[in-house]
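*Asks:* Have a look at this one before I ask anything.
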Ligand SMILES: Cc1cc2nc3c(=O)[nH]c(=O)nc-3n(C[C@H](O)[C@H](O)[C@H](O)COP(=O)(O)OP(=O)(O)OC[C@H]3O[C@@H](n4cnc5c(N)ncnc54)[C@H](O)[C@@H]3O)c2cc1C
């Protein structure tokens, strides 16, 4: 059996989604040594979000990251129309918002996470371990003292002053900490799908509403 790799850091974060990666970036930027453990080998998750909203873009602006982010491929949506019973109305216009970017940027979430990882790596205290699945918390002296993970190279124990669970809705860290989830339910089910797009198809983002149903079409270039 492979020996357990022992690591020490100041902050250990379970999960390299938007929450974990942004926290990792912010801590590293503040000079705090941080390690993010992500169970997948890359950030590629289809249908995990495509929209970066004006408020998020504003945060990226405040962090000095906006220009670099928007130099990556993306589409802009300044407004949206709605078709009700066959009548078209232009109902959303982001261009008047008092922010740097009065639009939604369409960029797959994995590009956004790749970008945050790159930005994090510009600080010496930032570390991300891919293919590292958190399996348990290390508890010592009545406190959470670290994370236990399985990696391709064998087990890993990472001790830290602060441990953060950002491992999503099925969080192992939350479960092992004994936190109880408060369920709110979901008011609707959403089905995401990809359809090929012909060059002469309309480019507007469109909401089509009928009793009990809503279809949203988003122009993503060729689909
Ligand atoms: C279908 C869909 C479409 C969406 N569209 C948008 C959108 O267009 N715009 C938008 O802003 N938001 C969108 N969202 C919401 C957005 O995806 C979430 O709000 C966001 O991903 C939550 O981030 P998070 O970091 O908290 O969790 P997550 O994104 O779930 O990240 C958790 C991370 O932890 C990792 N992980 C899990 N378990 C472990 C473990 N044991 N050890 C190590 N790592 C682990 C996972 O692999 C994952 O990378 C969408 C969500 C869904 C489901």
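Numbering (this note's numbering), first residue to last: 11 to 233.
For every residue, glycine included, the Cβ atom is placed at its ideal position computed from N, Cα and C.
These figures come from a predicted structure and were not determined experimentally.
1) Return yes when the Cβ of residue 144 is within less than 7 Å of the Cβ of residue 155, no when it is not.
2) Identify the continuous beta strand (DSSP E) that holds residue 158 and give its terminal residues.
3) Taking DSSP's pairing of strands, which residues face residue 220 in a bridge?
4) Examine ligand 1 and report whether any of its heavy atoms sits within less than 6 Å of the Cβ of residue 186.
5) Less than 7 Å between the beta carbons of residue 23 and residue 174, yes or no?
6) Would you mind working out which of 106, 114 and 99 sits nearest residue 228, comparing C-alpha positions?
7) Residue range of the beta strand (DSSP E) that residue 82 falls in?
8) Closest to residue 31 by CA distance: which of 116, 105 and 178 is it?
9) Evaluate residue 13 with the Cβ neighbour count: other Cβ atoms within 10 Å of its Cβ, from every protein chain shown; 16 or more gives buried, anything less gives exposed.
10) Is residue 12 helix, strand or coil when you go by DSSP?
11) Quick one, are the C-beta atoms of residue 60 and residue 118 less than 7 Å apart?
12) Which residues does DSSP pair with residue 19 in a beta bridge?
13) Is the beta carbon of residue 46 sitting closer than 7 Å to the one on residue 34?
14) Using 10 angstroms around the beta-carbon of residue 166, count the other beta-carbons present and answer buried if the total reaches 16, otherwise exposed.
15) Confirm, please, whether the CB-CB distance from residue 162 to residue 141 is below 7 Å.
*Replies:* Reading off the structure:
1) no
2) First-last of the beta strand (DSSP E) with residue 158: 153–161.
3) Looking at the DSSP assignment, residue 220 forms a beta bridge with 223.
4) no
5) Cβ atoms of residue 23 and residue 174: closer than 7 Å.
6) Nearest to residue 228 by C-alpha distance, out of 106, 114 and 99, is 114.
7) First-last for residue 82: undefined, no H or E at that position.
8) 178
9) exposed
10) coil
11) yes
12) 170
13) yes
14) buried
15) yes
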